Amino acid sequence: TCHGADPPDLGQLIQVVFLLPETADNSNADVESWPTDQDEDTDVCNKPWFAHSCDRKTADDALLCSNKDGAFMVRKSSGQDALQPYTLVVFYNGRVYNIPIRYLPATQQYALGREKKGEEYFTSVPHIIENHQRNPLVLIDSQSNTKDATKLCYPVKP
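Following UniProt numbering, the residues of the sequence shown are numbered contiguously, the last one being 158.
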C-alpha cells in the first residue's frame with residue numbers, strides 16, 4: 001500500500017537493496033554501448049514522473065510538499081555520469097530517498113542503488129517504474145539497518 005508509519009529521522013542515509021538470484025558479472029563495460037542522451041530522453045522524457053530540469057533540492061522540496069507516501073519522480077543525476085544517468089526520488093514516512101539509477105553498458109540494462117550481489121536488472125527506466133508501481137520498492141536505512149517498502153504511487157512534477 002501507499003501508507004506509512006511515523007517518520008524516522010530525516011538525517012539518516014538510505015540505500016536500496018534487492019535480494020534476488022545472482023546474475024552475470026557486468027564488470028567488462030563496453031563504452032560504445034552506453035546510451036546517448038537522445039536514447040535516454042526518448043525513453044523517459046514524456047513520462048509523467050520525469051522531471052526534465054530538476055536539481056536534488058527542487059525534487060526533494062516537491063516531494064516533501066506532496067506529503068504522500070509513494071510519491072516519486074525521476075530526475076537526471078547531478079553528476080551527469082553516463083553510468084548513473086538518473087536518480088529515482090521517493091517520498092515515504094516523512095522523508096525523501098534519492099536512489100541512483102545505474103546504467104550497465106555490458107548488458108545495456110539498468111539497476112537501482114549501489115552495486116550489490118543478486119541485484120535486479122531492467123531493460124529501461126520505465127520498466128523500473130512500472131515494476132515498482134506493482135511491487136514494493138524495499139528501502140533500507142544504512143545507519144539503523146531498518147527496512148521500509150513502498151510502491152511508486154503518485155508521480156510528482158516539481
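Ideal placement from N, C-alpha and C gives every residue a C-beta, glycine not left out. Note that the coordinates shown come from a computational prediction; the quantities given were computed from them, not determined experimentally.
Subject >> Check: residue 84 C-beta below 7 Å from any heavy atom of the ligand GDP >> reply: You won't find the ligand GDP in this model; it holds no ligand whatsoever.
**OP:** Could you name the residues of the same chain whose beta carbon sits closer than 6 Å to that of residue 33, not counting the 5 residues immediately before and after it, in chain order?
**Re:** By one-based count along the sequence shown, residue 33 stands at place 33. Residue placement at residue 33 cannot be trusted, given a pLDDT of 45 that sits under 50; what the coordinates show is reported in the next sentence. Counting only Cβ-Cβ distances below 6 Å, and skipping sequence neighbours, we find 105, 108.
**OP:** Rank 95, 115, 90 by C-alpha distance to the C-alpha of residue 102 and give the top, closest one.
**Re:** As a working note, residue 102 is residue 102 in the sequence shown. Per the Cα distances, 115.
**OP:** Give, in chain order, every unbroken run of the beta strand (DSSP E) that is at least 3 residues long and sits entirely within the UniProt domain "SH2" (49-156).
**Re:** 71-81, 84-92, 95-104, 109-112, 137-141, 147-150
Original post:
Would residue 75 pass as a contact of residue 89 if the rule is Cβ separation under 8 Å?
Top reply: Within the sequence shown, the letter at position 75 stands for residue 75. Within the sequence shown, the letter at position 89 stands for residue 89. Yes, these two residues count as a Cβ contact at 8 Å.
Original post:
How many angstroms separate the CA atom of residue 16 from the CA atom of residue 129?
Top reply: Working through the sequence shown from its first residue, we reach residue 16 at position 16. Working through the sequence shown from its first residue, we reach residue 129 at position 129. Residue confidence for residue 16 is low, a pLDDT of 43 falling below 50, so the modelled location carries little weight; the figure read from the coordinates is stated next. Looking at the two C-alpha atoms, the distance is approximately 14 Å.
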